[in-house]
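All remarks here apply to the structure that follows.
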Amino acid sequence: MTTSRTGTTSHKKWRTHIITRDHNTGITHCPICGTQLNYTTPKQPNSAEADHIIPYSHGGQNTPENGRTICRTCNQKRGNKPTKTTTTQPATTTTTIPW
């Protein structure tokens with residue numbers, strides 16, 4: 203019989219640490235969709251949940267650097283998909299014109 207990874211003591215401590223850290227530092231909205239986070243009521247669409255930035259199944263660890271708080275809806279949509287990288291630089295195209 204296998205046990206759930208999310209039921210382990212280390213995962214529960216990590217989850218509590220991430221949510222407490224982000225709540226205490228004033229994270230009020232989901233960084234993915236912008237919805238206001240609910241830190242008091244669990245299992246609601248906007249409930250605050252700890253998320254692995256790099257999913258555990260892809261080699262991510264239970265470290266503070268690999269954790270963030272997002273809403274339950276986004277956490278369930280992400281599943282074990284890696285975070286998409288975005289660029290802050292606009293795309294540029296170089297065109298060579300023969301003279």
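Letter by letter, the sequence shown follows residues 203 to 301 in the numbering used here.
Every residue, glycine too, gets a C-beta built ideally from N, C-alpha and C.
G269 - DSSP class collapsed to helix/strand/coil: Collapsing the DSSP output to three states places G269 in a strand.
Alpha carbon of I299 to alpha carbon of N248, nearest angstrom: Roughly 53 angstroms between the two C-alpha positions.
Alpha-carbon to alpha-carbon, I255 and S212: Looking at the two C-alpha atoms, the distance is approximately 17 angstroms.
Presumed contact (8 angstroms Cβ cut-off) between R274 and K245, rounded CB distance: Yes, they are in contact, since the Cβ atoms of R274 and K245 sit about 7 angstroms apart, within 8 angstroms.
Own chain, CB closer than 6 angstroms to K214, minus 5 neighbours either side, in chain order: No residues qualify anywhere along the chain.
The segment 227-245 / the segment 254-268 touching (three or more Cβ pairs under 8 angstroms): Result no; under three Cβ-Cβ pairs closer than 8 angstroms.
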